[in-house]
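If you're matching them up, the sequences are chains A and B in order.
This note's numbering applies: residue 1 is where the first sequence begins, and numbers increase by one.
This note's numbering applies: residue 1 is where the second sequence begins, and numbers increase by one.
Comments concern the structure below.
Number of protein chains: 2
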Amino acid sequence: MSIDADQMKAGSQRLRVTISDVSEALGLTKSTVSRALNGYADISESTRLRVRRAADKMGYRPLSHAQAIRTGRTKSLGLVIQMADHDAQRPFLAEFLSGLSQGASEEGWTLTIAASDSPETTFETFRTMIADRKADGFILPRTMSDDPRVKLLRASGIPFVLFGRCEDPAGCAWYDVLGEDAMQDAVRHLVALGHRRIGFINGGMQYTYGHLRREGFLTAMAEAGLKIEPEHMRENAVTIRDGEGRAHEILGSSPAPTAIVCAVDMAALGVYRAAAARGLQIGRDLSVISYDGIQDGAHVTPQLTTYSVDYTHSGRRLSALLIRRVMGEPVETLRETAQARFLNRGSTGPPA
Amino acid sequence: MSIDADQMKAGSQRLRVTISDVSEALGLTKSTVSRALNGYADISESTRLRVRRAADKMGYRPLSHAQAIRTGRTKSLGLVIQMADHDAQRPFLAEFLSGLSQGASEEGWTLTIAASDSPETTFETFRTMIADRKADGFILPRTMSDDPRVKLLRASGIPFVLFGRCEDPAGCAWYDVLGEDAMQDAVRHLVALGHRRIGFINGGMQYTYGHLRREGFLTAMAEAGLKIEPEHMRENAVTIRDGEGRAHEILGSSPAPTAIVCAVDMAALGVYRAAAARGLQIGRDLSVISYDGIQDGAHVTPQLTTYSVDYTHSGRRLSALLIRRVMGEPVETLRETAQARFLNRGSTGPPA
DNA sequence: TTCCTTGCCGAAACCGGTTTCGTACCCAAG
DNA sequence: CTTGGGTACGAAACCGGTTTCGGCAAGGAA
Numbered sequence: 001m002s003i004d005a006d007q008m009k010a011g012s013q014r015l016r017v018t019i020s021d022v023s024e025a026l027g028l029t030k031s032t033v034s035r036a037l038n039g040y041a042d043i044s045e046s047t048r049l050r051v052r053r054a055a056d057k058m059g060y061r062p063l064s065h066a067q068a069i070r071t072g073r074t075k076s077l078g079l080v081i082q083m084a085d086h087d088a089q090r091p092f093l094a095e096f097l098s099g100l101s102q103g104a105s106e107e108g109w110t111l112t113i114a115a116s117d118s119p120e121t122t123f124e125t126f127r128t129m130i131a132d133r134k135a136d137g138f139i140l141p142r143t144m145s146d147d148p149r150v151k152l153l154r155a156s157g158i159p160f161v162l163f164g165r166c167e168d169p170a171g172c173a174w175y176d177v178l179g180e181d182a183m184q185d186a187v188r189h190l191v192a193l194g195h196r197r198i199g200f201i202n203g204g205m206q207y208t209y210g211h212l213r214r215e216g217f218l219t220a221m222a223e224a225g226l227k228i229e230p231e232h233m234r235e236n237a238v239t240i241r242d243g244e245g246r247a248h249e250i251l252g253s254s255p256a257p258t259a260i261v262c263a264v265d266m267a268a269l270g271v272y273r274a275a276a277a278r279g280l281q282i283g284r285d286l287s288v289i290s291y292d293g294i295q296d297g298a299h300v301t302p303q304l305t306t307y308s309v310d311y312t313h314s315g316r317r318l319s320a321l322l323i324r325r326v327m328g329e330p331v332e333t334l335r336e337t338a339q340a341r342f343l344n345r346g347s348t349g350p351p352a
Numbered sequence: 001m002s003i004d005a006d007q008m009k010a011g012s013q014r015l016r017v018t019i020s021d022v023s024e025a026l027g028l029t030k031s032t033v034s035r036a037l038n039g040y041a042d043i044s045e046s047t048r049l050r051v052r053r054a055a056d057k058m059g060y061r062p063l064s065h066a067q068a069i070r071t072g073r074t075k076s077l078g079l080v081i082q083m084a085d086h087d088a089q090r091p092f093l094a095e096f097l098s099g100l101s102q103g104a105s106e107e108g109w110t111l112t113i114a115a116s117d118s119p120e121t122t123f124e125t126f127r128t129m130i131a132d133r134k135a136d137g138f139i140l141p142r143t144m145s146d147d148p149r150v151k152l153l154r155a156s157g158i159p160f161v162l163f164g165r166c167e168d169p170a171g172c173a174w175y176d177v178l179g180e181d182a183m184q185d186a187v188r189h190l191v192a193l194g195h196r197r198i199g200f201i202n203g204g205m206q207y208t209y210g211h212l213r214r215e216g217f218l219t220a221m222a223e224a225g226l227k228i229e230p231e232h233m234r235e236n237a238v239t240i241r242d243g244e245g246r247a248h249e250i251l252g253s254s255p256a257p258t259a260i261v262c263a264v265d266m267a268a269l270g271v272y273r274a275a276a277a278r279g280l281q282i283g284r285d286l287s288v289i290s291y292d293g294i295q296d297g298a299h300v301t302p303q304l305t306t307y308s309v310d311y312t313h314s315g316r317r318l319s320a321l322l323i324r325r326v327m328g329e330p331v332e333t334l335r336e337t338a339q340a341r342f343l344n345r346g347s348t349g350p351p352a
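This is the structure in structure tokens:
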């Protein structure tokens, strides 16, 4: 048994087939094999095919860190998770990571992650990851209006891709879901139901999405000819507690709105609480439409009507875009947006 | 501006100080510098110091992937997240990752993660990560009773560390929180309050923790001379929905228990719902003690009394242990356990 | 036929480290 | 004064790839 283990270990070590093994088996040199596999023009099509087939048959897989020493590319994507955002991103972190990982591994890349406890250490984390070449590029979730991470990476010349858009698009590739369209649609939906007094609880205004969703809300309100009541507008609500507090403030005004649009689901769950505390029944006395599509929204009564974002898909697209960015594609061709999916559940109805 | 960027880029490229830069600056050879920095015995103390200081002053940082090609070690820890566990692990995934990342980066290592959608692809994911040397070792969360991951890694001779214990300890290092002690303590707490009929809703029995927590519960019940009612025992509840269903089953029996111990917080939140549906007030009509310490437990009324696990610390310890394992320490010295912290909040009281 | 391309591949340097091996030097013992 | 054994370092191979450069042979133009 110990012998078996040793043999197995020695075997798997010795059995790892290197580029030299392939070249010797074919009577070619390493350089030819390398260039054949990497699609250089000075290799004949027949040789390229011969090499490709032999490599596959022999099970040759280049070691990415061996390539890295010459190419400078590790084939790994970096993600720095900010602990401060935990509460806000907890609901979809798993899906997001899964998507990123899928997108990376589909191309044979990996995902390297680091966590930082505070905004200050975030910077340091990026610095060391960059200095040590831990990643060829970075995914930046939760784009901020004046994002220090963007500045740092731009200055360092390190590729990156945003989850969210950015005012100054220089050097920025991104993927984003059009929250402003969802907010517009939400208002239209409520207006169609007959609502005239609609409140808005926005998310974090340090993020770009805060301004975009605000615009979307305001646009649709103006479009419907509805007046904006400052009493019905709140922002920076990203947790249940935040949402609960803002909802109480809004519902305490008079006349109170008959519907509230929330920029994030967590805040909407807070609205549920405030409503319960005030004896208001969601969907009948107060309509709520939100955004994100977190799991918990399906576990409250009535189920939360929301615009659902596919975070797995978002992650996958972000990885794909970042890889193309690292490989040299210009940022202009690496900007994608998508629409959130409307989940029309039970939290809306005609005004009481 | 483009010139600045070029200079900066060229600068940072050229400025990266290699081992040769250090050796030339000192009038030594690469090999001497390398051995000095790596603590070889055939380097004089004075030289070692001189090298160490020069390297620090020059800001020399070895490239881990350059070292890897010779040493075989990437200095990276692997984690494969199973999508199937998402719902169960969602509440603490962020903290856990953060801890793992901290523990790794404290030693200059990194965390490489991959996600797998199904149990089948999990295996494949491990295989490719191993084959491509993406990680020097793996962290295995959610240890199962007959864990296929353990078999694979054992057979491959790849280091790993478990989050959770394991029946067959051969080759297994681990970190675990003693859930069985918490379950015992929970029962004692309830007994001290006067409860005689205590139910138990266990978590997933495919995991080792399921059996351990069951033992803990049974031990304390026997110790208190209380009878085990099969009607009051349920298992495999890891989501709110699960817990809700199990609670209804248990509470539908007669006589129903006056208290329920849950192996996981998510299930306990389900108990809250079932209780609400039945007009039972938690803490007065029904006592609940649970385990995990998830955030949501502080957001229900009354707050959930639970045994809180520090997932950040767990992650940090796991990384530290795995690194030592990769560096060659025998598994016997790499087994740590800790106690969960009792959060005595509002969900218990004397029996009605 | 000669010269010049062009296509295709080999030889060797290179990337940034680590590790093996050889050896000069110093000191003590014979 | 030679000899033997450490000590401390240099030289060079090595890890697994990539990339530059040069050259040979075939083919076309002069």
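We put the CB at the ideal spot given by N, CA and C, even for glycine.
If you reduce the DSSP assignment to three classes, tell me which class residue i lands in.
i        : result
A/Gln82  : strand
A/Arg324 : helix
A/Tyr175 : strand
B/Thr143 : coil
A/Glu180 : helix
A/Glu124 : helix
A/Ala276 : helix
B/Met58  : helix
A/Leu334 : coil
B/Leu343 : strand
B/Asp292 : strand
A/Thr74  : coil
B/Ser31  : helix
A/Pro230 : helix
A/Leu100 : helix
A/Gln7   : Note that A/Gln7 has pLDDT 35, beneath the 50 cutoff, so the model's placement of it is unreliable and no number is given.
A/Ile198 : strand
Pull up the distance between the alpha-carbon of residue i and that of residue j, whole angstroms please.
i        : j        : result
B/Ile19  : B/Val51  : 10 Å
B/Thr143 : A/Tyr307 : 36 Å
A/Thr125 : B/Gln102 : 10 Å
A/Trp174 : A/Pro119 : 22 Å
B/Pro351 : B/Ala259 : 8 Å
B/Ala298 : B/Leu304 : 6 Å
A/Glu223 : B/Thr208 : 59 Å
B/Ala320 : A/Gln67  : 29 Å
B/Asp147 : A/Leu28  : 44 Å
A/Ser116 : A/Glu329 : 30 Å
B/Arg127 : B/Arg133 : 10 Å
B/Ala170 : A/Gly243 : 51 Å
B/Glu215 : B/Arg345 : 25 Å
B/Leu318 : A/Phe160 : 30 Å
B/Glu235 : B/Met205 : 7 Å
A/Leu322 : A/Val80  : 15 Å
B/Arg284 : B/Pro302 : 10 Å
In chain order, what residues of the same chain lie with their CB nearer than 8 Å to the CB of residue i, ignoring the 5 residues before and after it?
i        : result
B/Thr219 : Glu180 and Gln184
Ignore the nearest five residues each way along the sequence and tell me which others in residue i's own chain have a CB closer than 7 Å to its CB.
i        : result
A/Met129 : Gly78, Ala114 and Ala135
B/Gly99  : Tyr311, Thr312, His313, Ser314, Gly315 and Arg316
A/Val187 : Ile198, Phe217, Ala220, Met221, Ala224 and Val261
A/Leu251 : Ala274 and Arg278
A/Arg335 : Ala173 and Trp174
Take residue i and list the residues in its own chain whose beta-carbon comes closer than 6 Å to its own, dropping the five residues that flank it on each side.
i        : result
A/Leu286 : Ala275 and Leu280
B/Cys262 : Ile201, Ala268 and Ser290
A/Ile43  : Arg35 and Ala36
A/Pro141 : Phe163
B/Gly210 : Asn202, Gly203 and Gly204
A/Val177 : Val309, Ala338 and Ala340
A/Val191 : Ala224
How far does the beta strand (DSSP E) with residue i in it reach, from first residue to last?
i        : result
B/Val161 : Phe160 to Phe163
B/Leu111 : Thr110 to Ser116
Any contact between the region 56 to 74 of chain B and the region 41 to 55 of chain A? By contact I mean 3 or more CB pairs, one from each, below 8 Å.
no
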